[in-house]
Amino acid sequence: MNSISWRRFAGAIVALVSLAVAGPAAAAPGRGAYTKVMLIVEENRTYGEIIGSRDAPYATALARAHGTATRMTANYPVGCPSLAAYILITSGTTAGICDDKGPRHHRLTVPSVFAQLDAAHRPWRNYAEDLPAPCARRNSNDGIFLVRHTAVPYYTNLARTCRTSQVDLGTPTSGILHDDLSAGRLPAFSFVTPNACNDMHGAPACPNGHIAAGDRWLKAWMPRILAGADYQAGRLVVIITWDEGSITSNHIPTLVLSPTTRGIVTRQPHDHCSTLRTMQEILRLAPLGCARSARTMTTDFTLVP
593 MNSISWRRFA GAIVALVSLA VAGPAAAAPG RGAYTKVMLI VEENRTYGEI IGSRDAPYAT
653 ALARAHGTAT RMTANYPVGC PSLAAYILIT SGTTAGICDD KGPRHHRLTV PSVFAQLDAA
713 HRPWRNYAED LPAPCARRNS NDGIFLVRHT AVPYYTNLAR TCRTSQVDLG TPTSGILHDD
773 LSAGRLPAFS FVTPNACNDM HGAPACPNGH IAAGDRWLKA WMPRILAGAD YQAGRLVVII
833 TWDEGSITSN HIPTLVLSPT TRGIVTRQPH DHCSTLRTMQ EILRLAPLGC ARSARTMTTD
893 FTLVP
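Count the sequence shown with my numbering and you get residues 593 to 897, in order.
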């Protein structure tokens, strides 16, 4: 085989691998056709720990097949733990939080993307893995479910819808998210919370629940999500991000997946406020807090609301 034939052969193999990771082809939506967003939040990893890491081959492949933001920052003070990130990415402010205390310590009255959708009579769901009860306001006894990773119970104006819109995630083969994917009935906004064994942070109950476990979780769920009716119809954008990086760096990975996002690498600066603004633009909601001045990702990843 001569050099030209070999290059063509190698290129074909790379294309086939990328296609397999990207998932089934979806109909490319027309301008402004995206109407739904799914946000999946993982935990405590820097960009270099995920993208190109041997512990996260599936996440790396997703990033290369779809889209990755190479200059994404978790823009709140290094040293503040998880809760501040979850509040920032759903409301546009940290509300001054720099701890991981439960909802009874932080009764937030600030606007949020959830409240915006409630006011517009549009559905949202927090699919939380191993949720002990609807609108749970404390961690599970085994520490696998962590309330601070859900955001929803902290907002006092969500008390009514929280009881019906926060649901157990289920598994890739059964449960509410599985059924919503199959039927093409995802809500306008899906906020997905893996448990502490699968969010790449780890917990005492699952000491091996770190990067590789989270990567396996993504590998189990993402083909199901990409094959779902909403994604295939060109209605759904999926954003996978991390709440924070490390105690010294908040340079985090963020992946954007859509039928019109193929192999895009952007070096533009983005942050959690950018993620919120992007979601709100897709959902046709007014930007909140820091999202008003944040750089959107819609153009960078060819989402174009």
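Every residue gets a Cβ at the ideal spot worked out from N, C-alpha and C, and that includes glycine.
All of these numbers come straight from a predicted model, not from anything done at the bench.
| Item | Value |
| --- | --- |
| Enumerate, from N- to C-terminal direction, the unbroken alpha helix (DSSP H) stretches of 4 or more residues contained entirely within the region 638-720. | 639-642, 649-657, 674-683, 705-711 |
| Please classify His539: is it buried, with 16 or more other beta-carbons within 10 angstroms of its beta-carbon, or exposed? | Any answer about residue 539 is impossible in this case: the structure gives the chain only from 593 up to 897. |
| Identify which residue in Tyr678, Ala655, Leu631, Thr686 has its Cα closest to the Cα of Thr881. | Checking the displayed sequence, the identity of residue 881 turns out to be Gly instead of Thr. Comparing Cα positions, the closest option is Thr686. |
| On the three-state DSSP scale, how would you describe Glu635? | coil |
| Taking the alpha carbon of Leu654 as the reference point, which residue from Pro695, Thr840, Ile856 has its own alpha carbon closest? | Ile856 |
| Buried or exposed for Val705, going by 16 or more other Cβ atoms inside 10 Å? | buried |
| Over what stretch of residues does the alpha helix (DSSP H) that includes Ser553 continue unbroken? | The structure shown has nothing for residue 553, since the chain only spans 593 to 897. |
| Less than 8 Å between the CB atoms is what I'm expecting for Gly735 and Pro796, so what's the real figure, rounded? | 6 Å |
| Do you know how far the Cα of Arg752 is from the Cα of Cys727? | 9 Å |
| What residues in its chain sit with their C-beta under 7 Å from that of Asn903, if we drop five residues either side in the sequence? | Nothing in the structure corresponds to residue 903, since the chain is present only between 593 and 897. |
| For Pro861, which of helix, strand or coil comes out of DSSP? | strand |
| Going by C-alpha distance, which of Met871, Thr867, Gly794, Thr870 is nearest Phe737? | Gly794 |
| Could you tell me the distance, in whole angstroms, from the CA atom of Trp834 to the CA atom of Cys754? | 23 Å |
| Provide the residue span of the alpha helix (DSSP H) that contains Thr846, from first to last. | Careful: Thr846 lies outside any alpha helix (DSSP H), inside the beta strand (DSSP E) at 846-849. |
| Give the range of the alpha helix (DSSP H) segment to which Asp807 is assigned. | 803-818 |
| DSSP state of Val744, grouped into three classes? | helix |
| I want to know whether the region 656-667 touches the region 854-874 - three or more CB-CB distances under 8 Å. | yes |
| What does DSSP give as the partner residue(s) for Cys798 in the beta ladder? | Ala795 |
| Under 9 Å, do Leu680 and Cys798 count as touching if we go by C-beta distance? | no |
| Given that a residue counts as buried once 16 or more other Cβ atoms are within 10 Å of its Cβ, and exposed if not, what is Ser766? | exposed |
| Spatial neighbours of Ala911 within its chain, please: C-beta separation below 7 Å, excluding the five flanking residues on both sides. | Nothing about residue 911 can be reported from this structure: the residues present for the chain run from 593 to 897 only. |
| Span of the beta strand (DSSP E) holding Asp822? | From DSSP, Asp822 is part of no beta strand (DSSP E) but of the alpha helix (DSSP H) over 821-824. |
| In the DSSP output, which residue or residues are listed as bridge partners for Ile736? | Per DSSP, none; premise fails for Ile736. |
| So, are the CB atoms of Asp772 and Arg827 less than 9 Å apart? | no |
| What is the DSSP secondary structure of Leu875, counted as helix, strand or coil? | coil |
| With DSSP as the reference, please indicate the residues paired to Thr853 in a beta bridge. | Ser850 |
| Mind checking Lys900: buried by the 16 CB within 10 Å criterion, or exposed? | This structure leaves residue 900 out entirely; the chain is present only between 593 and 897. |
| Let me know the secondary structure DSSP gives Thr888 once reduced to three states. | coil |
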